[in-house]
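S.K.: Take 1210 as the starting number for the sequence shown in our numbering and just add one per residue.
Just so it is clear, CB atoms sit at the ideal spot from N, CA and C, and this is done for glycine as well.
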Amino acid sequence: MIGRLRGTLLEKQPPWLVLDVGGVGYEIEASMNTLLALPAAGEQVQLYTHLIVREDAHLLFGFAREQERALFRALIKVNGVGPKLALAILSGMEESQFIRCVMDDDAKALTRLPGVGKKTAERLIIEMRDRFPHWQQGGELGDLERAANPVANSADPLLDAEAALVSLGYKPTEATKMLSGLDKGLSTEALIKAALTRKLAG
């Protein structure tokens, strides 16, 4: 199991990043919260990782904090929640927000996340509720730390943001609507975060 990687960040194309570790480029899928916490390309970073081995692929997921990885691992143990949906949940909500939704039985807020229907939201609340009091008391879960480093804009941040939202499970028309009216001068990461915030607030 690959549990942690440290190296040079080569590129970020949400929801993917490439990390150079000793001359080997690792393709890693990450949540938007992790991608926003990372510095610009060329900087040294450390990621906590989770490897899923399948017959047709080895999937590597990266997290800025060990606490986010812990929540990811808990989510994929829930019946009907795979790694893609778990990553979409972590992209749409920070850890503390998700905890509040579960502890407050706020299924409506959870259904605003892509791929989370009413039954899945109810299942998340039932199966996850008993785990959080222990985690909170131990301080294992909390808000992700944000890096202050600026992120360079791509050639077309709006198109990149739309593609990233689609990869997270939103329909193309829905992704376009979520991005409508946002400042086109924002970076890809900032556009995605603003779109997700708007979706959850709606």
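So if DSSP puts I1237 in a beta bridge, which residue, or which two residues, is it bridged to?
M.R.: Here residue 1237 is taken as the residue at index 28 of the sequence shown, counted from 1. Partner(s): L1226.
S.K.: From the DSSP output, in three-state form, read off E1264 for me.
M.R.: Translated into positions along the sequence shown, residue 1264 becomes position 55. Coil at E1264, not helix or strand.
S.K.: Pick out whichever of A1250, R1278, V1287, M1387 has its Cα sitting closest to the Cα of A1304.
M.R.: Along the sequence shown, one-based indexing puts residue 1304 at 95. The identity of residue 1304 in the sequence shown is Glu, whereas the question assumes Ala. If we check each option's Cα against that of E1304, R1278 comes out closest.
S.K.: Contact defined as beta carbons within less than 8 Å: I believe G1271 pairs with A1239. What is the distance between those atoms, to the nearest angstrom?
M.R.: The residue given as residue 1271 occupies position 62 in the sequence shown. The residue given as residue 1239 occupies position 30 in the sequence shown. Sure, about 5 Å apart at Cβ, within 8 Å.
S.K.: Buried or exposed: G1289, going by 16 or more other Cβ atoms within 10 Å of its Cβ?
M.R.: Translated into the one-based positions of the sequence shown, residue 1289 becomes position 80. Flag for G1289 reads exposed.
S.K.: Measure the alpha-carbon distance for P1420 versus L1388 and round it to whole angstroms.
M.R.: Shown here, the chain extends from 1210 to 1411; a query on residue 1420 therefore has no answer.
S.K.: Whole alpha helix (DSSP H) runs in the segment 1269-1353 with 4 or more residues, listed along the chain?
M.R.: Within the segment 1269-1353, the complete alpha helix (DSSP H) runs of at least 4 residues are 1275-1284, 1292-1301, 1304-1312, 1316-1319, 1327-1337, 1341-1346.
S.K.: Excluding the five sequence neighbours on either side, which residues of its own chain have a C-beta within less than 7 Å of the C-beta of A1316, listed in chain order?
M.R.: Position 107 of the sequence shown, counted from the start, is the residue given in the question as residue 1316. K1327, A1330, E1331, I1334.
S.K.: Closer than 6 Å by C-beta to V1311: which residues in its own chain qualify, once you throw out the five before and the five after it? Chain order, please.
M.R.: The residue given as residue 1311 occupies position 102 in the sequence shown. If we look at V1311 and ignore the five residues flanking it on each side, its Cβ neighbours are I1334, M1337, R1338.
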